[in-house]
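Shown next, in structure tokens, is the structure this report addresses.
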Amino acid sequence: MTWYNFSQSAALGSIKSIGLLCLSTVILTSPFVTSAHASSGFFDPGIAVSGGGAAGVLTPVEEEFDGGEIALGSTGQVVTLFRNDGGRVIQIGDVKLYPSSTISAAVELNECKDVPLPPGAECPIVISVKGLQTGAWRVSMLVQNDGRSQITSAAVAGDVESSSTDNQNVLSDIEAIPNEIDFGSLSSSQPLIKSVVFRNVTATPLSVKNVRIAAASQSGYRLDHDCGDLNPSEACLATVTWAPQQSGQADAVIVVEHSGSSRIASIPLTGEFDPEESDIAEVFPSAVPGRGLMVSTQDEIDFESGIENESTISLSLVNVGDADLTIHDIDLSGTDNGLSILDRGCQEGAILRPIEACPLTLRWVPVREGAIFDDLQIVHNGARGVLVVPVRGEATRAVSKDSQAIVERGGVVEKNYRKLDALSGFSITSHSGQKAIIVGPGGSRIVKDKQSVVIGGVEWDVRITSAGIEFKNGSDKINLLFDRSLSTGSSSGGAATTTTTNTSDQ
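FYI, in the numbering used here the residues of the sequence shown are 15 to 520.
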């Protein structure tokens, strides 16, 4: 090293400059500095790490990534690349996005986070961008890492263009999936149910204030939902039930009111109700899940023709449903034709389990010549609730009930029909204060006041009243009414009956 002598008049500034030059020379030639940094006299010691080498430095490949053009309402993906420019491996963490108000953005794929990034290597981060409003857009990115800077920033920019098929300038912050609901054409009366998902497509939380359907009162639309506060990308579900009340087109709109910038969203509803023409109900209905279903072994009870004596026909009532079935009532439509239901087998209050059956017997003792047109009615709690079986037949003559046998078993009199049936077909032809003449299937007979008479196998106490004849057996009473407009003895009176029953009819 060469030393120079300076006079007192030498400039102090020159001395300082030479001193700095000598200091710099000493630093560059110092044997304690590693060869990796010997080429720079202004090296930042902050990047040096123990053991030699430099810390990792994560940098974006481009200062600003070009996101291109995105159609209004559509979604595009943008690939951003990041490189490790340091000398050590970098572990990359979460990525935060800060989009402009014209778009919504989310991280679609982050391959930088999967494995540590070695020096000089690159990794992609893909973001998804949806256009909400026409104009320029920009997304700022903050990428966490364990490199020297700890946080690396980047930016993506582009434009939102109007769609050629959509003239709207602003889309809602709430995305509907699907964006319209079409129920199509409905021909049955069964309601239809469809769902719609509402999703927050913005980068900020918002609140769904109200969801309603705007429609005519007879359209038949009903809405249920669980929507409330929605964080970014969160969704809620709404269900729409359509049970139309009138035929024809039924249009409506789902209106969603929220706290986002657009304030409102709408989804159209369409459907057409075209009911089929009604058909005559079949005797046996179709099965209904969870309900009993009653059918019979015969769809019609036909005694056929030429009946001259007492006749009976039996059928089985079967529960072919998948639930228990209770019989509430068994009856005939008519009362004055000689038909009766025997008290054995199916009874009111009987419970039939699935595939169980009970027998039902009809007895016909014709009270007059000719055909009968009646119906058997069974009321139950299964599908449809009632089973109607037609009863037909034709008699060539009336059958006398006075010859009816009375069977006694164990001291109990057993009759195969109700007491009311014993007087079916009888009418009053002559009436006075003490006696009257009645005509029935066995012919005519005289009955007197306060006397007993056996008709149809039942012993009756007779009482002549001003309106007709009262027949009493125990606590049961039957009244035959007399039509006073008819000439006495020249024609038959009325055969209307009134029954008062205090105990069982059997």
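Quick reminder that beta carbons are idealized off the backbone N, C-alpha and C, glycines included.
DSSP places G81 in the uninterrupted beta strand (DSSP E) bounded by F79 to A85.
Take the alpha-carbon of G352 and the one of P455: they are about 10 Å apart. When the Cα atoms are used, L86 and D173 turn out to be separated by approximately 10 Å. In this structure S247 is in contact with A120, their Cβ atoms being roughly 6 Å apart against a cut-off of 8 Å.
Pairing V467 with A409, the inter-Cα distance amounts to about 27 Å. Contact between the stretch 316-332 and the stretch 279-295 is absent: fewer than three C-beta pairs spanning the two stretches fall below 8 Å.
Residue Q260 holds the alpha-carbon nearest to the alpha-carbon of E286 among N224, R498, C250 and Q260.
Cβ-Cβ separation between L72 and N159: approximately 5 Å, consistent with a contact (criterion under 8 Å).
Inter-residue distance for G242 and L156 is about 30 Å (C-alpha atoms, whole angstroms). In the three-state scheme derived from DSSP, where H, G and I count as helix and E and B as strand, A436 is classed as helix. Around the CB of A168, 16 or more other CB atoms lie within 10 Å, so the residue is classed as buried.
For Q91, the enclosing beta strand (DSSP E) stretches over residues T89 to N98. For T326, the closest C-alpha among the options D343, P373 and G198 is that of P373. Annotation for V461: K449, A450, I452, V467, V476 and I483 place their beta carbon closer than 7 Å to its own, counting only its chain and skipping 5 residues before and after. DSSP places C372 in the uninterrupted beta strand (DSSP E) bounded by A371 to W378.
The Cβ-Cβ distance between T349 and G359 does not fall below 8 Å. As summarised for the stretch 308-353, the continuous beta strand (DSSP E) elements at least 3 residues long and confined to that stretch are 308-310, 325-333 and 339-346, given in chain order.
Here N193 carries a coil assignment [DSSP, helix/strand/coil].
Non-local beta-carbon contacts of A229 in its own chain, meaning distances under 6 Å to residues more than five positions away in sequence, involve Y235 and A266 in chain order. For T253, the three-state secondary structure derived from DSSP is strand.
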